[in-house]
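Below is one structure, written out as structure tokens; comments come after it.
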Amino acid sequence: MPRFYWEDFTIGRVFEHGPRRLPRDEMVAFAAEFDPQPMHLDEAAARESMLHGLSASGWYVCSIAMRMIVDGFVHDSTSRGAPGVDEVKWLLPVRPDDEVRLRATVMETRVSKGRPDMGFVRFAFELLNGTDQRVMTMAASLMLGRRDLPGADVPVGMRRGSE
Amino acid sequence: MRFLEDIPIGERVQLGSHTFTTDAIKSFARRFDPQPFHLDEAAAKRSLFGALCASGWHTAATAMRLRVQYQQRETAQMRARGEPVAALGPSPGFRDLKWLKPVYVGDTISYTIEYTEKRVSSSRPGWGLISFRNVGTNQNGEAVLSFMSVVFLECRKETAKGAS
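Order-wise, the sequence lines are chains A and B. Counting in our numbering, the first sequence tops out at residue 231, every number present. Counting in our numbering, the second sequence tops out at residue 195, every number present.
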């Protein structure tokens with residue numbers, strides 16, 4: 069059974085994950101696929117840009133944050149995805165081979181009115197670089213199944229009532 | 032890319048469309064969002080989504096790719112006409128991103144942007160900030176994705192001078 073249910077996300081609880089190194093190859097490959105701007109691809113062009121050097125696509129940084137959220141706790145939870153993201157701030161450039169850490173703080177929780185077998189958890193996510201500077205913040209809610217309530221994320225054979 | 036002054040607020044641009052394949056959905060999910068409903072058909076069937084669907088970050092990053100490609104086309108056309116081209120800067124972030132509907136295997140998402148607001152930057156002479164709403168719509172006309180972006184965009188030289 070998963071370790072983390074909606075009930076385990078109490079206000080103020082902090083989850084941390086990382087560090088994770090962001091290799092140049094992966095960073096540039098992401099930019100080539102999804103954000104092919106010179107400041108993310110080409111050293112010489114990037115030096116002339118506002119960020120003064122090669123920097124990661126913000127969408128790569130978001131995707132890495134998602135991976136760290138999954139590896140940090142979502143993989144062992146009753147996650148049912150997310151309805152969206154309230155706000156992302158890209159505060160500082162992320163450079164090739166930077167190491168980042170994720171910190172997730174529970175800000176608010178509520179049971180879904182439409183689907184009482186699940187709830188919403190609103191997090192303040194922070195991505196910190198090797199010198200503990202925040203490179204990105206994200207305010208977003210996740211949907212999670214509740215403990216002891218049958219739900220779509222639980223295999224049919226394991227649901228209460230079908231046991 | 033046009034300069035800040037030359038983009039009318041309210042202008043709506045069709046960026047193009049993209050079809051999400053099983054392989055691409057799983058490849059993105061393996062790297063960045065390895066949750067069962069993005070990776071495994073059987074698990075996805077049992078999930079809230081009912082079938083394999085793309086990571087929301089995959090559908091959002093695709094909006095970025097189509098916008099960059101649109102800007103590159105516009106830049107090439109302007110250069111061909113001998114016009115000066117504005118530089119694009121980085122983005123400070125985005126807000127109100129909503130994954131309104133799942134994007135399933137085979138769905139074709141058409142992306143648009145609509146410019147909503149612009150201003151000359153007070154901290155960066157020669158630059159402005161332009162805001163726009165991004166919307167992704169599936170082949171049934173249903174909105175699947177929506178978010179508000181803001182990005183630094185170069186001003187015309189005369190505006191930059193006047194502001195300094």
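Built from N, CA and C at the ideal position, the CB exists for glycine as well.
Within-7 Å CB hit, residue i to chain B
i	result
A/Ser180	no
A/Gln201	no
A/Val189	no
A/Val138	yes
A/Pro164	no
A/Arg148	yes
A/Trp74	no
A/Ser131	yes
A/Glu84	no
A/Gly126	yes
A/Asp144	no
A/Pro184	no
Among the options, the one whose alpha carbon lies nearest that of residue i
i	options	result
B/Arg43	B/Thr143, B/Gly172, B/Ala174 and B/Leu176	B/Thr143
B/Leu35	B/Glu173, B/Leu176, B/Ala174 and B/Lys149	B/Lys149
A/Gly80	A/Ala114, A/Arg215, A/Ala172 and A/Lys181	A/Ala172
B/Lys57	B/Leu46, B/Ser152 and B/His69	B/His69
A/Ser209	A/Pro164, A/Val153 and A/Pro161	A/Val153
B/Gly157	B/Val181, B/Gly120, B/Ser177 and B/Gly167	B/Gly120
B/Met109	B/Arg33, B/Asn169, B/Arg187 and B/Cys186	B/Arg33
A/Met95	A/Trp127, A/Arg115, A/Glu75 and A/Phe191	A/Trp127
B/Val99	A/Val179, A/Pro184, A/Ser123 and A/Asp103	A/Asp103
A/Glu176	A/Tyr73, A/Phe72 and A/Thr78	A/Thr78
B/Phe178	B/Lys132, B/Ala91, B/Ala74 and B/Arg112	B/Ala91
B/Pro123	A/Trp74, A/Arg215, A/Phe141 and A/Met206	A/Met206
B/Leu160	B/Ser141, B/Ala117, B/Ile140 and B/Ala85	B/Ala117
Residue i burial status per 10 Å Cβ neighbour count (16 or more: buried)
i	result
B/Asn165	buried
A/Met69	exposed
A/Ser125	buried
A/Thr199	exposed
A/Gly121	exposed
A/Ser145	buried
A/Glu111	exposed
A/Val168	buried
A/Gln105	buried
B/Asp64	buried
B/Gly167	buried
A/Gly182	exposed
B/Asn171	exposed
A/Val156	buried
A/Pro161	buried
A/Pro91	exposed
Within chain A, partners of residue i - CB distance below 8 Å
i	result
B/Lys129	Pro151 and Gly152
B/Gly47	Under the 8 Å cutoff, chain A gives no residues; its nearest Cβ is about 14 Å from B/Gly47.
B/Phe51	None at all; the shortest Cβ gap to chain A is about 13 Å.
B/Phe34	Near B/Phe34 there are no residues of chain A at all, since even the closest Cβ is about 16 Å away, more than 8 Å.
Chain B contact residues for residue i, given Cβ-Cβ distances below 7 Å
i	result
A/Met118	Gly120, Pro121 and Phe183
Under 9 Å by beta carbon: chain B residues contacting residue i
i	result
A/Arg71	Those within 9 Å of A/Arg71 in chain B number zero; the least Cβ separation is about 15 Å.
A/Gly121	Within 9 Å Cβ-Cβ: nothing; A/Gly121 doesn't reach chain B, min ~12 Å.
7 Å Cβ cutoff, residue i in contact with chain A
i	result
B/Pro65	yes
B/Met95	yes
B/Ala82	no
B/Tyr101	no
Partner residues on chain B for residue i, Cβ-Cβ distance less than 8 Å
i	result
A/Met134	Phe63, Asp64, Ser86 and Trp88
A/Val156	Gly124, Phe125, Arg126 and Leu128
A/Phe102	Ala92, Thr93, Met95 and Arg96
Chain-ordered neighbours of residue i on chain A, where CB pairs are closer than 7 Å
i	result
B/Phe163	The contacting residues do not exist; B/Phe163 stays about 15 Å from chain A at best.
Report task. Kindly provide the ranges of any alpha helix (DSSP H) runs that are 4 or more residues long and lie completely inside the segment 62-145 of chain B, ordered along the chain. Result -> Whole alpha helix (DSSP H) segments, 4+ residues: 67-70, 72-77 and 87-111.
Query raised in the report: Taking the runs of the beta strand (DSSP E) that are 3 residues or longer, which of them lie wholly in the segment 80-144 of chain A?
Result: With a minimum length of 3 residues, the continuous beta strand (DSSP E) runs that stay inside the segment 80-144 of chain A are 82-89.
Report task. Could you pull out every unbroken beta strand (DSSP E) segment of at least 3 residues lying fully inside the segment 149-189 of chain B, listed in chain order? Result -> For the beta strand (DSSP E) assignment, the uninterrupted runs of no fewer than 3 residues enclosed by the segment 149-189 of chain B are, from N- to C-terminal side, 158-168 and 174-185.
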